[in-house]
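The letter at position 86 of the sequence shown is residue 86 when you use this note's numbering, and the numbering goes up by one with no holes.
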Amino acid sequence: MLSSNNDFIDYQYKLAIYFYSKAIDISPKNANFYVGRVQANTLIAKFTEAVADANKAIELEPSNAKAYLQKGTACIRLKELETAKEVLGKGAFLAAGEYASFTDLIKECDDQRFAYS
């Protein structure tokens, strides 16, 4: 039984991860399934798993800007700020004009690096 709203939300994301995993089993070359699982893993703080899935999505579809955005987000949470900034820069280039999210996260990397120095 779920004891709180947070448990329910975690359950929802874990369920999403389960279904994305099943979809990947059926169609392992679909980068969007990996990107979906990245987002769900990020939302329940499974950042290492999120980066692994983002890497796979990028391998399958190197022009998938959302995969770079999701990887950058997970890398920031892992405090891998240099990697995050590099990945976000590539994603911003691919996003061709729709890069506000990328620039916001790149600024977050710079702010965090400044705070740690």
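Glycine residues also receive a C-beta, built at the ideal position from the N, C-alpha and C atoms.
Check for me: the alpha helix (DSSP H) holding residue i runs from which residue to which?
{"i": "residue 30", "result": "No alpha helix (DSSP H) contains residue 30, which DSSP labels as neither H nor E."}
{"i": "residue 59", "result": "47-60"}
{"i": "residue 44", "result": "Where residue 44 is concerned, there is no enclosing alpha helix (DSSP H), given that its DSSP letter is neither H nor E."}
{"i": "residue 82", "result": "81-95"}
Take residue i as the anchor and find which of the options has the nearest alpha-carbon.
{"i": "residue 108", "options": "98, 86, 15 and 95", "result": "86"}
{"i": "residue 78", "options": "112, 33 and 14", "result": "112"}
{"i": "residue 13", "options": "37, 32 and 106", "result": "37"}
{"i": "residue 15", "options": "32, 97 and 39", "result": "39"}
Straight-line CA distance for residue i to residue j?
{"i": "residue 11", "j": "residue 41", "result": "12 angstroms"}
{"i": "residue 19", "j": "residue 51", "result": "18 angstroms"}
{"i": "residue 82", "j": "residue 114", "result": "12 angstroms"}
{"i": "residue 70", "j": "residue 54", "result": "7 angstroms"}
{"i": "residue 31", "j": "residue 94", "result": "16 angstroms"}
{"i": "residue 72", "j": "residue 22", "result": "25 angstroms"}
{"i": "residue 101", "j": "residue 17", "result": "24 angstroms"}
Assess, as a yes-or-no matter, whether the region 19-26 is touched by the region 43-52 under the definition of 3 or more beta carbon pairs within less than 8 angstroms. no
Whether or not the region 59-69 and the region 82-97 are in contact is what I'm after, with contact meaning three or more pairs of Cβ atoms, one per stretch, closer than 8 angstroms; do they touch? yes
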